[in-house]
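Residue numbers (this note's numbering), protein chains in the order written: chain A, 5 to 313; chain B, 1084 to 1435; chain C, 258 to 564; chain D, 5 to 493; chain E, 630 to 957. What follows is a short report on a single structure.
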Amino acid sequence: MQNRLEKAIALAGAAHTPAAGVAPSGWAVLLRRMGRFWRSAMSNRGARVGMVLVTVLVLVAFFAPWIAPYPPDEMGAGMSLLTPEMAYPFGTDEFGRDIFSRVIWGARLTIQVGVIAVGISLTVGTLTGLVAGYAGGWTERILMRLVDVVFSFTETLIALAAVAVLGPSLSNAMIAVGIAAIPFYARVAYSVTLVERNRAYFDAAYVQGAGHLRLIFLHLLPNIIPPLIVVATLGVSSAVLAAAGLSFLGLGAQPPSPEWGAMLSAGRDYFNQAPWIMIYPGVAIMITVLAFNLLGDGIREALDPRQTV
Amino acid sequence: MSATKSIEAPNDEPATRPAPVLEVRDLCTEFRTKAGVGRAVDGVSFTLHEGEILAIVGESGSGKSVTSLSIMGLIPDPPGRIAGGSVTYGGRDLTRLDEKALQKLRGNEIAMIFQEPMTSLNPVLSIGRQMTEGIRQHTGMSEAEARKHAVEMMRRVSIPAPEKRLGEYPHQFSGGMLQRIMIAIAMSCSPRVLIADEPTTALDVTIQAQILELMRDLRATTGASIMLITHDMGVVAEMADRVVVMYAGRKVEEGRVEDIFARPRHPYTRGLLAALPVLGTAGEVGGTQLNEIPGVVPALTDLPNGCRFSDRCALSTDKCLAEDPPFADRVGAHSAACWHSDRLAPTMEATS
Amino acid sequence: MASFLAQRLFAALLTILVTTVAVSMLIHLVPGDPVQIMYAQSQGTTPEQLEEVRARLGLDQPLMVQYIQYMGRVLQGDLGRTIRGDQPVLELLLARLPNTLILATSALVIACAIGLVCGFVAAYRRGTWLDTLLMTSAILGVSMPHFWLGLILLFYFAVHLQWLPVAGSGAANLVLPAVTLGVTNAAIIARLTRSSMIDVFDQEFIRTAYAKGLPRALVLYRHALRAGLVPIVTMIGLQFTYMMGGAIVVENVFGWNGVGRMAIQAIFQRDYPLIQGFILMFAVVVVLVSVLMDLLYAWLDPRIRNR
Amino acid sequence: GDIIWARDGDIDSLDPHRATSTLSRQVWYQIYDSLLEFDDSGAPVPNLAKSWEIAQDGTLVTFVLNEGITCHDGTPFNADDVIWTAERALGEDNPSLTKSSWGDIGEVEKIDDLTVAFHLATPFGAFVPFMADQFTSMLCDSNAAADDFGTGSAIGTGPWKFASWTKGAEVVLEKNPDYVNYGRPIDNPGPPLADRLIMRTMPEAQTRMAGLRTGELQVIVPPIQEVKSLQDDPGVEVYVAQGTGQNMFLQFAVNRPPFDDKRARQAVSHAIDKDLAIKVVYGDIVERQYCPISKGVFGNDPEFCKQYDQDYDPEKAKALLAELGYGPDKPMEVTLATWTGDSRERMLQMLQNQLKKVNIVANIEVMDIGTLNARDTQENNKAEGPGYMDLMGWTWFDPDLLYLLWHSPGAYQGFQTPELDKILEDMRTTVDPDARKEIVHAAFKILLEEAGQVPIYTPGWSWLYAVSADAPGFKIGPFNRALFNAIDH
Amino acid sequence: MTAGTILSVRDLRKSFDVGGGLLRKSGTLQAVGGVSFDIGPGETLGLVGESGCGKSTVGKLIMKLHHPSDGAIFLRGVNIAGLSRRAMTPMWRKVQTIFQDPYSSLNPRMSAGAIVGEALTIHRIASGAEKTRRVAEIFEKVGLRADQMGRFPHEFSGGQRQRLSIARALIVEPELIVADEPVSALDVSIQASVINLLIRLQKEMGLSMLFISHDMSVVEHVSHRVAVMYLGRIVEIGSRRRIFGDPQHPYTRALLSAVPVADPAARRRERIVLKGDVPSPIDPPPGCHFQTRCPFAQDICRKVLPDLLPTGGGHKVACHVRMPDAVA
Ligand SMILES: Nc1ncnc2c1ncn2[C@@H]1O[C@H](COP(=O)(O)OP(=O)(O)OP(=O)(O)O)[C@@H](O)[C@H]1O
Ligand SMILES: Nc1ncnc2c1ncn2[C@@H]1O[C@H](COP(=O)(O)OP(=O)(O)OP(=O)(O)O)[C@@H](O)[C@H]1O
Ligand SMILES: [Mg+2]
Ligand SMILES: [Mg+2]
Ligand code: NI
């Protein structure tokens, strides 16, 4: 099961080939290499579109206070349930809040959700998979079993526990989504580590007498990062969706936060009378998810050695 | 049969050579890559005669495989495409044939075996299925007949207990056996032309010897012409009647095998031969230096001006840097694409 | 074979064990106990009486004791009774399992039908507009939140066109939830199929098959599809379990009475025996599916079957 | 035909002693009768019992049953069934969850086949109305024979007979052809008109709406936001339950700052414009609530309560906060919680918005009801941390609820005073209505003045019914009792 | 083991657990089944044999990339077979290795200078400018330019990469180099220059070397002595002259005669073509492992595993059959 899973995951999410690039020490190299990797990724149309969308999104998030005409939770900014018009391009909700402004501000939360959740799963998952793959033996067995255990929890269960222990909030939902996705990253990291560990350069470093830390962080880590980047990009989109799903179940963002999933969930009560309340945040989610998906897919394709055209 | 004769009498005059079976003229094959369009094969011409073993040698990346795939019409498009030239077989130009017609030829009249027997057979289909499907495709035999034929072929390539092994899968065979299976598949429709792309490179010397022996036998019994692609000068010397030397997508030298080895006319060929440690010739350890060819094979998208070998060639002159030497098809079979061919032959003879 | 299965099952049991322990601990971390919740919002009883009820349910015991007692009963095939409504857990789970299996299976069939075809075609026409179109639709498919797509389908097909019933658990009721779940998951299968098939198309044995003079259709079907199916089968197995456990939103939207929905209710009600039963069942299903996948895998790939 | 009633959740049990949820009670009401009923004004009236008599200062209550009532299994309903029910509810080994609400009952005595006497150790004012509640639904003693009573079988005397329950999906009831209506406030003296009554679980409100629109469903619990459009729809009739006994109020974590000081609580109450909030969120489908117990329940008197509550006065709120040291430079940070559903989180958003204007920054937390209940107790036991308050809701047909909530230790171990404890104890044992009313009002006064409980609105949950016009005859009795007896479909 | 011996291997064994999948029994694969040899100072021992016969495993055992199942490895008199990783660390200054695939043996994320200089940091030999100086020095020595230190592996050609690999091995000034097929992945034209370099360095620095290869002609070119392996065991070991000039074991002979000679004129010589395939190391044939393919196999060969016995002059053969004079 394990191996197949890895293969499936690798095929679904990761590219196997390290990219090309230049610089002096391990990490600086990685950075420079990332540059190169980036440029080659950006030669892919899908990735470019994704990148542009992501950039726009980040800019919108950053400049939300300047772009948004109203504060996101200002009630009575307009009359309630106004249809989209010039002053309120996306209409207003039941409290007369400007949906356009809320969607703009929501970009911040969404990017936060994506980045933090992925940050958690990426860090923990990568370390787990890396250490398991590096150490082998019992460490490996125990770690990967634990990963399996986390894997059989549903996201909702983890979310509920996190929410219960820490209180319901968007940040706890992020943590939950992050934890729930750890197995995925751990497995990719693990399988890539196994591959890298069997490359001769690892043996070469080993017989130079390199210690554990040096082997793990200087030799293995930089080499397993590129495929993980791809997984992470795709992971951002799943995290956004997952967080929206949790908000839909009332386990995520708390009102009046303009998180898109929460807006959608609240908006469904007006599905018939004021569909715009649900449509715009929904479209925003779709575009975001699409953007990260395109980006991730693009990078993967670009890294794919077979894709020469 | 004359083919067998040519082994026994390798010094036959060119004039008595049998008729051509396959003729490649000015073949150009391109690949579009991120770095640009690269001509993996650039104006290569040669002829394969009946019952002959023609070796194509050259280092990795010189275009040997692409040449063979172009003949078979198996260049992946995209990114590749045949940009020019012709491949004439039985009066027809294979590069212009439609898919249907090509299918009739492939595996039937022109068969091919590949370098890596392990990856060249489908791991999830039984050996029997992989052997019979081609036979049935071309002969219209029933499954039972095809199986019988397959068993027969397996026996010919000395696979023990062939009936039993038909039901097994590639991973249950050793590399040498798989290569024999590949040959059995290729020979099962008695092709007139067998293209063998580095058939022994992945194998051990003892197994290689078996396979080479087998190919010679097959040629002797079926009279097939063999195009043998390799980078191993030893294999060339053992097997070939004639040799084409390729470098960076070009044919740089062509001639009878004895001529090539005795009097190479291209500095690249000479370099290759001199770089080879030859069994039984070593003196004290480190006593004799092997000949080095400096530099590396140029990238197809970044070829030097003039002669493609000029940047690695000891004889290189201004002319070499400026002008691409044409392939001088001289009288007799032996010719090369080098401005300095004339200066070479005697030097080599002097040292050998 | 037998020893392999035994080994697999042993490892699986261990995983299940750890999972149940972890879940039991986790769920007890959640504040609020079932007794308290039962009393919420209605005239209640004295705290002493609450204690009495807890004692009757064994909730006053230390966690470890509760857990060990629970496992002891589980080993005898008794999953206990729900705290709410005092019903046998096993019966409840088994009553709903078929619904969930039916939904997950139908969704999977839809997802596979769409995903495999699209992925295969896209791989075959790699780099063309068709590839771009199919893959863009695939990405659009995964970009849609389930509940959003579900509601839209519901209003269009059930309310607007009135082709299908809105909710319930009949055969016609299956269509919309299965399509919702199928479409969003088809995208993943399509993408995986594409990359897997591209992988296979570039394999040398495909070239060999062509070199034998086989017609294209035969090469694609017999040589490529079979060989490329292996990683896809794995993903399908994963998806199946995911659909079983994670389709709560879809079950909610379409009023489909599956285990996912029951699980979330159980969580909200802190119905420990039911939650534990669910986790146990889920873990067993995960294990069974993975064993099934192993067998399927072996069937598809002789290298695993007999080495 | 069938009446299909779609609700957002399932019942917990068919056994009235094993559950307390509104969703369950609504269904019990269809299957079982109680000895008494409530009339439209909320007063107890005869039902299974044609009369009752209180003697010995309220410690002896005697009921005389109607003749000729049959249980769903065909056996006659008599004093044995009443005693079986009571003993089951009060017994030691498996008591009813609401055992204490029965009062301190010493003995249930069979006088004759149709007469039963309840002996109480102490007088209990809420006893008689409780006999009209679903928690005292009369179960037939033939239930003793079934080992799946409550899950797979249920025998009562009500208008509908239990047919099947698929947990999570639906409860199917069939009409009881032998039904005679003695006390239910509806114009149908005999059996229900429809053949079957099916309660379906559909958690997603929009799906229920869709079902109503397509005619698949006859009765639904509509989303609050759709009430307006449904009211305008000629094909749909919207019913809003009155006098449900539900009340929604704010309560505070009073054992630590800032809400250990009554001025902080009062400031919150002054700061919020309850009427505006209600209007924005609910329009006219809920009512402003002034008293700690809801409209329609004994003792509720808006005029009395208004004297003691803190009406909307942001300036006064600011002044109070200033006394406590809060102001624009030092806003008070608090948590404002509630449980999910029924637009409560929208209510919180309104409150949050209003509180902000007096420099109270409220962070909203919406959780499931289980978590909220636990959380409230937790917060009351925490000595540190930001202020905490929540929008809570309880339902009961009697002010006795106040005892549960605010008599120490209290449901959440929150607000309590010795004085209030004393009053609530008195309230329990006083039977005389006028005297009891005085006591209830005394309790109101303390709760309101101290802002221990800040009433906001009523009703609070599951009080809306949207009924398809092709199924006329629906009615809601007091305390949110849905009557399907007269629906012709 | 003579005093001057650098490496002395005694009855080295290594087996792997393999298999254990669906429908498959697990078994043991004896990759190395009792190998003994010595390498003197400044000496090159060539190790040849067919694919899978255990050559690389021997190399890895000496490098402690695998733990031996049994046997001893004396490096300068110290038995490293049982050493822990920590205890082994200083020993890695004495023994270094060159891998087959020059590309995969260089960390693609590190600059050439960093790769080559890493050991200096690890063993705290040098740092800063001193380190740079020493790296530059070794670069020059292996025929690379010091200004290429900042470049990355993918920017070098195959031959240059192998030079990097050599530089990395030499920078700690080891006494022994284990070279596992150092030229097999290279094109002929490049192979020559690497072989020349290795021979030159070995002479200059007085290195000992274990040179693993499947190519008889290369081994002949570089080795002082040669060991021939078959299915995990050494079947013949001796001086280069004896092995190539007067091979005693039928397998050695077959091997030699199978090597294609790059001279068309020498084509029709008599050759021994072995029948059959290499048996599986999981399930080796009884008796002499070579008996299934041996043209001279006799009854005893099918029953008794022959010992590696000296025939004089430091030459040893493991064969029951006394061979007639060499044919090759
Ligand atoms: N599918 C392809 N896409 C892009 N370039 C290709 C492709 N196939 C071959 N080439 C290029 O064509 C050139 C010739 O390759 P070819 O495989 O013919 O070499 P070769 O002589 O067979 O080498 P080898 O000995 O390594 O097999 C190489 O530079 C290679 O990069
Ligand atoms: N880590 C391992 N696990 C299991 N088997 C192994 C392992 N390493 C090597 N083997 C097996 O041990 C045997 C000897 O392998 P080894 O790599 O030493 O052969 P080799 O002589 O170097 O072959 P080649 O010429 O192909 O490199 C082979 O059968 C191989 O499959
Ligand atoms: Mg090739
Ligand atoms: Mg090896
Ligand atoms: Ni070779």
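Even for Gly, the Cβ is constructed at its ideal location relative to N, Cα and C. These numbers were taken from a predicted model, which means no experiment stands behind them.
- By the CB criterion at 9 Å, R1395(B) and I1376(B) fall inside the cutoff.
- For P318(D), there is no enclosing beta strand (DSSP E); the residue is part of the alpha helix (DSSP H) that begins and ends at 318 to 327.
- Residue environment: I162(A) is assigned as buried (16 or more neighbouring CB atoms within 10 Å of its CB, all protein chains considered).
- Counted as a single uninterrupted DSSP element, the alpha helix (DSSP H) harbouring I325(C) occupies residues 320 to 332.
- The DSSP-derived three-state label of C682(E) is coil.
- When V1340(B), V1368(B), A1358(B), I1158(B) are compared, the shortest CA-CA separation from A1320(B) is found for V1340(B).
- According to the DSSP secondary-structure assignment, A53(D) is paired through a beta bridge with L69(D).
- Residue pairing of A1419(B) in beta bridges, as defined by DSSP: E1336(B).
- Relative to ligand 4, the nearest heavy atom lies less than 8 Å away from the CB of K684(E).
- Secondary structure of Q457(D) (DSSP, three-state): strand.
- Distances between the C-beta of M692(E) and the heavy atoms of ligand 2 are all 8 Å or more.
- Restricting attention to E57(D), Y286(D), E71(D), G78(D), the CA atom closest to the CA of P226(D) is found in Y286(D).
- Assignment of L150(A) by DSSP, reduced to helix, strand and coil, places it in the helix class.
- Listed along the chain, the chain D residues whose CB falls inside 7 Å of the CB of R311(C) amount to none; the nearest CB is some 12 Å away.
- Secondary structure at K1187(B): helix, using DSSP grouped into helix, strand and coil.
- If you keep only unbroken beta strand (DSSP E) runs of at least 3 residues inside the region 699 to 723 of chain E, you get 699 to 704.
- Residue range 306 to 310 is occupied by the alpha helix (DSSP H) that includes E307(D).
- With contacts defined by Cβ atoms closer than 9 Å, I1309(B) and K1147(B) do not form a contacting pair.
- With a cut-off of 8 Å, the C-beta of D207(A) is classified as distant from ligand 4, since no heavy atom of the ligand falls inside that distance.
- Among the residues of the region 451 to 479 of chain C, those with a Cβ less than 9 Å away from any Cβ of chain B are F458, D459, Q460, E461, F462, I463, R464, T465, A466, Y467, A468, K469, G470, L471, P472, R473, L475, R479, in the order of the chain.
- The DSSP-derived three-state label of N48(A) is coil.
- Under the 10 Å beta carbon count, N202(A) is surrounded by fewer than 16 other beta carbons and is classified as exposed.
- One finds A424, G512 in chain C with Cβ atoms closer than 7 Å to the Cβ of M206(D), taken in chain order.
- Listed in chain order, the non-local C-beta contacts of K266(D) below 7 Å within the same chain comprise E454, A455, local neighbours out to five positions each way being set aside.
- Its Cα nearest to that of L325(D), the residue N363(D) stands out among S17(D), Y312(D), N363(D), N304(D).
- L340(D) sits in a strand when the DSSP states are folded into three classes.
- Residues of the region 733 to 764 of chain E with a Cβ closer than 7 Å to any Cβ of chain A, in chain order: S733, S734, L735, N736, P737, R738, M739, S740, A743, E747, A748, I751, H752.
- As computed with DSSP, G172(D) is found in no beta bridge at all.
- Counting only residues of its own chain and dropping the five nearest sequence neighbours on each side, F252(A) has a CB closer than 7 Å to the CB of G265, L268, S269.
- Taking the C-beta atoms as reference points, T342(D) is found nearer than 9 Å to M396(D).
- Here the alpha carbon of M1329(B) sits roughly 48 Å from the alpha carbon of H949(E).
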